[in-house]
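These protein sequence lines are chains A and B, in that order.
Quick note on numbering: the first sequence equals residues 0 to 202 in numbering that gives the first Met the number 0.
Quick note on numbering: the second sequence equals residues 0 to 202 in numbering that gives the first Met the number 0.
Using N, Cα and C, we set each Cβ at its ideal position, and we do this for glycine too.
Just so we're clear, the structure is a prediction, and the values are computed from it rather than from any experiment.
Worksheet: one structure, shown below.
Number of protein chains: 2
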Amino acid sequence: MTDTVPVPESSAPVRQSAVERRILDAALHLFAARGFDGTSVQGIVEAAEVTKGALYHYFDSKDDLLYEIYHSLIARQLADLGAVLARGLPPREAVRAVLTGLILSTAEHIDEAKVFVRDKDRLDDARMRSVRADRRRYHVTFRGLVEQGQRDGVFSTATPAETVTIVALGMVNQLPSWYRPDGPKTAARLADEVAGFVLAALD
Amino acid sequence: MTDTVPVPESSAPVRQSAVERRILDAALHLFAARGFDGTSVQGIVEAAEVTKGALYHYFDSKDDLLYEIYHSLIARQLADLGAVLARGLPPREAVRAVLTGLILSTAEHIDEAKVFVRDKDRLDDARMRSVRADRRRYHVTFRGLVEQGQRDGVFSTATPAETVTIVALGMVNQLPSWYRPDGPKTAARLADEVAGFVLAALD
DNA sequence: GGGTGCATACCGACCAGTCGGTTTCTGGCA
DNA sequence: TGCCAGAAACCGACTGGTCGGTATGCACCC
Numbered sequence: 000m001t002d003t004v005p006v007p008e009s010s011a012p013v014r015q016s017a018v019e020r021r022i023l024d025a026a027l028h029l030f031a032a033r034g035f036d037g038t039s040v041q042g043i044v045e046a047a048e049v050t051k052g053a054l055y056h057y058f059d060s061k062d063d064l065l066y067e068i069y070h071s072l073i074a075r076q077l078a079d080l081g082a083v084l085a086r087g088l089p090p091r092e093a094v095r096a097v098l099t100g101l102i103l104s105t106a107e108h109i110d111e112a113k114v115f116v117r118d119k120d121r122l123d124d125a126r127m128r129s130v131r132a133d134r135r136r137y138h139v140t141f142r143g144l145v146e147q148g149q150r151d152g153v154f155s156t157a158t159p160a161e162t163v164t165i166v167a168l169g170m171v172n173q174l175p176s177w178y179r180p181d182g183p184k185t186a187a188r189l190a191d192e193v194a195g196f197v198l199a200a201l202d
Numbered sequence: 000m001t002d003t004v005p006v007p008e009s010s011a012p013v014r015q016s017a018v019e020r021r022i023l024d025a026a027l028h029l030f031a032a033r034g035f036d037g038t039s040v041q042g043i044v045e046a047a048e049v050t051k052g053a054l055y056h057y058f059d060s061k062d063d064l065l066y067e068i069y070h071s072l073i074a075r076q077l078a079d080l081g082a083v084l085a086r087g088l089p090p091r092e093a094v095r096a097v098l099t100g101l102i103l104s105t106a107e108h109i110d111e112a113k114v115f116v117r118d119k120d121r122l123d124d125a126r127m128r129s130v131r132a133d134r135r136r137y138h139v140t141f142r143g144l145v146e147q148g149q150r151d152g153v154f155s156t157a158t159p160a161e162t163v164t165i166v167a168l169g170m171v172n173q174l175p176s177w178y179r180p181d182g183p184k185t186a187a188r189l190a191d192e193v194a195g196f197v198l199a200a201l202d
């Protein structure tokens, strides 16, 4: 509908104490390794080398930790997306930049991605709505890029933009299940291959 | 390396009592909805309207239920794959048939797929190895099809066969996160669109 | 009588979260 | 500079409840 793709805003980073960060780091690693329900609060405080009192001083609940992880992940993704859009690239280059950037960022923060894909629907209603709204903004913005390319005639219209978006972004969500940081291919190489694959399908 | 793609065998189905089936059904639905660790054995026996004694009469452990679910899923996928390969189609038609079949089968057994993608690494070592070996057979067989097409010159070699396989099969694994049986598009329609997308990238 | 198919009562371990208390930091005032 | 009051940071024992799993018994059938 619109002729230009709107740039999503990102929220400002929040300063946090060293203890707070240690707790979040420990929670992130344990959630990624064992899942949210498979991780005990006791396990988190032991890994972070703090006490339970400290954890509940900074966070309201175990769910709170999960939300912080999601929030930082999505905020970063939206910021990256905004940065690419701000460059005003033509659709093909924009899609390539968004996809390679997203893959690189996901590979770099693979634990957050793991937690997200596995436990994304384990939040209470209010936080769930917030996370979903952010995800939807990303989805709609990306689809807008594909639609623009299709309107401009540089992308094939064989596959509907919505399906392209689902498939392309879904591929990235699957990344935690097969990407290994110590594997034979660098993240940059994989990002090129995957983005190239998607663009080839859009030719 | 090989010139023909070998057909993987499937294992024979096992007969089970009505109580056994009720337990497995309840476990499947609860695991899909709340995850393995988020589901209690008590919850399963209540949903299945049996007692704990009955459950532990038929199954050794909670893990045992999970393995049964995985096993039936993978056995079905390997059987479908074998059926397609047995038709001896040329690579393009074979890839299309495998992908559409896999997507349709995944859509039809969406709960099993949900459980698999979420909790696939929650098994003990022995069962894990068994599951992984089966998955690997599927992966290697599919990659073989892509390689054959690339050798025959009907597929582009722009993206390595391994990456194509990871991306194509990964897309299917993501299906539980976006496919809705009551959505606007039928599973068959989505299967066509997604398979078409992959084949377009292989042109 | 011995195996199968359950039911029931129960176990110790562990769960997320709480609460009263203590230490450490910070700013204001003499 | 020295002191103090209040706030923020943190401690860890404890709670009610749930967890996966087990021990035992009993009816029914070959």
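DSSP three-state label for residue i, please.
i, result
"Asp202(B)", "coil"
"Asp120(B)", "coil"
"Phe141(B)", "helix"
"Asp36(B)", "coil"
"Phe58(A)", "coil"
"Asp133(B)", "helix"
"Pro159(B)", "coil"
"Leu88(A)", "coil"
"Ile73(B)", "helix"
"Ser9(B)", "Since pLDDT at Ser9(B) reaches only 39, below the 50 mark, its modelled position is unreliable, and no value is offered."
"Gln41(A)", "helix"
"Glu48(B)", "coil"
"Pro175(B)", "helix"
"Ser104(B)", "helix"
"Gly169(A)", "helix"
"Gln149(A)", "helix"
Compute the distance between the beta-carbons of residue i and residue j, then report whether it is under 7 Å.
i, j, result
"Phe115(A)", "Leu72(A)", "yes"
"Ile43(A)", "Ala32(A)", "no"
"Leu54(B)", "Ile22(B)", "yes"
"Phe154(A)", "Leu84(A)", "no"
"Thr164(A)", "Arg142(A)", "yes"
"Val139(B)", "Ala167(B)", "no"
Note down, in chain order, each residue of its chain lying with its Cβ closer than 7 Å to the Cβ of residue i, except the 5 sequence neighbours on either side.
i, result
"Lys61(B)", "Val40"
"Pro90(A)", "Leu144, Gln147, Gly148, Asp151, Val153, Phe154"
"Met0(B)", "Model confidence at Met0(B) stands at a pLDDT of 42, short of 50, so the residue's coordinates are unreliable and nothing is read from them."
"Leu88(B)", "Ala96"
"Met170(B)", "Val193"
"Ala187(B)", "Leu103"
Measuring alpha carbon to alpha carbon, tell me which residue in the options is nearest residue i.
i, options, result
"His28(A)", "Ala46(A), Val171(A), Val18(A), Glu19(A)", "Ala46(A)"
"Glu192(A)", "Pro159(B), Asp110(B), Glu192(B), Glu67(B)", "Pro159(B)"
"Glu19(B)", "His56(B), Ala82(B), Glu146(B)", "His56(B)"
"Glu109(B)", "Ala200(B), Ala194(B), Ala199(B), Gln173(B)", "This sequence places Ile at residue 109(B); Glu is not what is there. With distances taken between Cα atoms, Ile109(B) lies closest to Gln173(B)."
"Tyr69(B)", "Leu168(B), Val171(B), Pro180(B), Arg117(B)", "Arg117(B)"
"Met127(B)", "Lys51(B), Ala199(B), Val139(B), Asp63(B)", "Asp63(B)"
"Ala157(B)", "Ala157(A), Ala199(A), Met170(A), Val130(A)", "Ala199(A)"
"Ala17(B)", "Val49(B), Phe30(B), Arg86(B), Thr38(B)", "Val49(B)"
"Gln15(B)", "Lys113(B), Thr38(B), Glu67(B)", "Glu67(B)"
"Phe30(B)", "Lys113(B), Gly182(B), Asp123(B), Ala187(B)", "Lys113(B)"
"Ser176(B)", "Val130(A), Asp181(A), Ala187(A), Asp120(A)", "Asp120(A)"
"Asp59(A)", "Val130(A), Thr185(A), Arg131(A), Asp123(A)", "Asp123(A)"
Who are the near neighbours of residue i in its chain, counting only those whose CB is closer than 8 Å to its CB and skipping five residues on each side?
i, result
"Arg134(A)", "Ile73"
"Lys51(B)", "Val40, Gln41, Val44"
Which residues in chain B have a C-beta closer than 9 Å to the C-beta of residue i? List them in chain order.
i, result
"Ala112(A)", "Within 9 Å Cβ-Cβ: nothing; Ala112(A) doesn't reach chain B, min ~13 Å."
"Ile102(A)", "Ordered by position in chain B, no residue passes the 9 Å Cβ test against Ile102(A), which lies about 11 Å from the chain."
"Ser129(A)", "The contacting residues do not exist; Ser129(A) stays about 18 Å from chain B at best."
Just to make sure I have the definition right: I need the residues of chain A whose C-beta is within less than 7 Å of the C-beta of residue i. Which are they?
i, result
"Arg117(B)", "Arg117"
"Val166(B)", "Met170, Val193, Phe196"
"Gln173(B)", "Gly169, Asn172, Gln173"
Strictly below 8 Å CB to CB, what residues from chain B border residue i?
i, result
"Pro159(A)", "Glu192"
"Ile68(A)", "Ordered by position in chain B, no residue passes the 8 Å Cβ test against Ile68(A), which lies about 17 Å from the chain."
"Ser60(A)", "Those within 8 Å of Ser60(A) in chain B number zero; the least Cβ separation is about 16 Å."
For residue i, which residues from the same chain have a beta carbon less than 6 Å from its beta carbon, with the 5 sequence-adjacent residues on both sides left out?
i, result
"Ala190(B)", "Thr99, Ile102, Leu103"
"Tyr178(B)", "Ala106"
"Ala194(A)", "Arg95, Leu98, Thr99"
"Asp24(A)", "none"
"Thr38(B)", "Leu29, Phe30"
Which residues of chain A have a Cβ atom closer than 9 Å to the Cβ of residue i, listed in chain order?
i, result
"Ala199(B)", "Ser155, Ala157, Thr158, Ala199, Ala200, Leu201, Asp202"
"Ser16(B)", "Going along chain A, no residue has its Cβ under 9 Å from Ser16(B), so there is no contact; the nearest lies around 30 Å."
Residue i touches chain A at which residues, Cβ-Cβ below 8 Å?
i, result
"Ile109(B)", "Ordered by position in chain A, no residue passes the 8 Å Cβ test against Ile109(B), which lies about 15 Å from the chain."
"Thr162(B)", "Leu189, Glu192, Val193, Phe196"
Determine the chain B residues that contact residue i at a beta-carbon separation under 7 Å, and present them in chain order.
i, result
"Asp36(A)", "Gly34, Asp36, Gly37"
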